[in-house]
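Here the structure comes first, spelled out in structure tokens, and everything after it is commentary.
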Amino acid sequence: MSETNRESGADPRAIPDVPGLVVSFPGPGVALVEIDRPHRRNALDRALLDGLPAVLGQLNGRDEVRVIVLSGRGGAFCAGGDLAVIGDMSGESPEQAAARMAREFASASRLLGSPKITIAAVGGPAVGAGLALALACDIRVGGGGAVFAAPFIRMALVPDFGVSWLLARTIGPSAAIDVAVTGRKVAAEEALRRGMLTEIAADPLGAALEKAAAIAAAVPRIAAATKTLIRDALTTDFDAALEAEIGHQLDAVRSEEFRRHWSAWSAAVRGT
Numbered sequence: 295m296s297e298t299n300r301e302s303g304a305d306p307r308a309i310p311d312v313p314g315l316v317v318s319f320p321g322p323g324v325a326l327v328e329i330d331r332p333h334r335r336n337a338l339d340r341a342l343l344d345g346l347p348a349v350l351g352q353l354n355g356r357d358e359v360r361v362i363v364l365s366g367r368g369g370a371f372c373a374g375g376d377l378a379v380i381g382d383m384s385g386e387s388p389e390q391a392a393a394r395m396a397r398e399f400a401s402a403s404r405l406l407g408s409p410k411i412t413i414a415a416v417g418g419p420a421v422g423a424g425l426a427l428a429l430a431c432d433i434r435v436g437g438g439g440a441v442f443a444a445p446f447i448r449m450a451l452v453p454d455f456g457v458s459w460l461l462a463r464t465i466g467p468s469a470a471i472d473v474a475v476t477g478r479k480v481a482a483e484e485a486l487r488r489g490m491l492t493e494i495a496a497d498p499l500g501a502a503l504e505k506a507a508a509i510a511a512a513v514p515r516i517a518a519a520t521k522t523l524i525r526d527a528l529t530t531d532f533d534a535a536l537e538a539e540i541g542h543q544l545d546a547v548r549s550e551e552f553r554r555h556w557s558a559w560s561a562a563v564r565g566t
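First residue of the sequence shown? That's 295 in the working numbering, and the numbers climb one at a time after it.
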């Protein structure tokens, strides 16, 4: 099901209708994607596993969308894969199962590689695949009841959906191994200390949307370039990072957006 705010000017016709998923446009430049299966704590069934990558791909390709906010309705962020789906691999060859998993797990890739700024509003449990979806976002705003867990080991499974990569890069390999091999829960305060949450808010979705509105007001290509520089900094050396910054900055200072913003900034400074 898709909803839209006409005032945003966004055209939802290209966005697939996915049962259990609500897409809306609460303000200019902001797309809100909500998982809506509260009776299953927003666990991902087959429709969501298949449809969420397509929805995210469509939003990534829309110029008018500058920020994507991902959340869950009914108190949970996402409880991972629906157990009925996890246990049903009957009739699949290993090759078929591998291809299906690659398609399903692409949701995390679509968030991580998005040219938009992505924000997770985590109001409750983010477990398994839900943990991956949250960690794949650039910014994570959680409520006091936010809980993270990677309980794969309790089902004799290894982490998937990108959890091993995302968890290691978010909290470091030692802490990631601790969380993954114990399957323990990480509550909001610990998650904030470890960087799994950016901030804790009484109303995480409201705070995420407020942040999204501020980000959406920035020049889109500058926000995207800033995200790229910071992401690439994790896998490059300092000299290469400086070179990349110089390249992007040269493009920026030659732009009309810079001249307009610099003029307004200079006028404001002179007026103080």
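Glycine is no exception: its CB is placed at the ideal position from the N, C-alpha and C atoms.
In this text, all values refer to a predicted model and were calculated from it rather than measured experimentally.
{"Query": "DSSP bridge partner residues for I573 (one or two, in chain order)", "Result": "An answer regarding residue 573 cannot be provided, because it is not within the stretch 295 to 566 covered by the chain."}
{"Query": "Coarse secondary structure for G375, derived from DSSP in three states", "Result": "strand"}
{"Query": "Where T412 falls, given that 16 or more other Cβ within 10 Å makes a residue buried", "Result": "buried"}
{"Query": "The stretch 369–385 / the stretch 418–425 touching (three or more Cβ pairs under 8 Å)", "Result": "yes"}
{"Query": "Meets three-Cβ-pair contact criterion under 8 Å: the stretch 508–524 and the stretch 533–551", "Result": "yes"}
{"Query": "The stretch 403–410 touching the stretch 427–434, judged by at least three CB pairs closer than 8 Å", "Result": "yes"}
{"Query": "Rounded straight-line distance, which links the Cα of R367 to that of L343", "Result": "17 Å"}
{"Query": "L326, DSSP secondary structure in three states", "Result": "strand"}
{"Query": "Cβ pair D339, G314 closer than 8 Å", "Result": "yes"}
{"Query": "Simplified DSSP assignment, three categories, for L338", "Result": "strand"}
{"Query": "Sequence-distant residues of the same chain with beta carbon closer than 6 Å to L326, five excluded per side", "Result": "S318, P320, V363"}
{"Query": "CB contact flag (A444, A428, <8 Å)", "Result": "no"}
{"Query": "Cβ neighbours of R463 in the same chain (closer than 8 Å, five flanking residues each side left out)", "Result": "L528"}
{"Query": "Residue(s) in a DSSP beta bridge with E493", "Result": "V435"}
{"Query": "Run of the alpha helix (DSSP H) containing L461, from where it starts to where it stops", "Result": "457–465"}
{"Query": "Start and end residues, alpha helix (DSSP H) containing S401", "Result": "400–406"}
{"Query": "As assigned by DSSP and simplified to three states, the class of I413", "Result": "strand"}
{"Query": "Alpha-carbon to alpha-carbon, L460 and L536", "Result": "25 Å"}
{"Query": "Cβ distance (whole Å) where G345 is taken to contact V312 below 8 Å", "Result": "3 Å"}
{"Query": "A341 versus F446 - alpha carbon distance", "Result": "22 Å"}
{"Query": "Distance between V513 and E551 (C-alpha atoms, nearest Å)", "Result": "7 Å"}
{"Query": "Backbone secondary structure at G321 - three-state DSSP", "Result": "strand"}
{"Query": "Presumed contact (8 Å Cβ cut-off) between G436 and A402, rounded CB distance", "Result": "Between A402 and G436 the Cβ distance is about 18 Å, and since that is not below 8 Å, they are no contact."}
{"Query": "Host beta strand (DSSP E) of G366 (start-end)", "Result": "361–366"}
{"Query": "Distance, E389 Cα to M395 Cα", "Result": "10 Å"}
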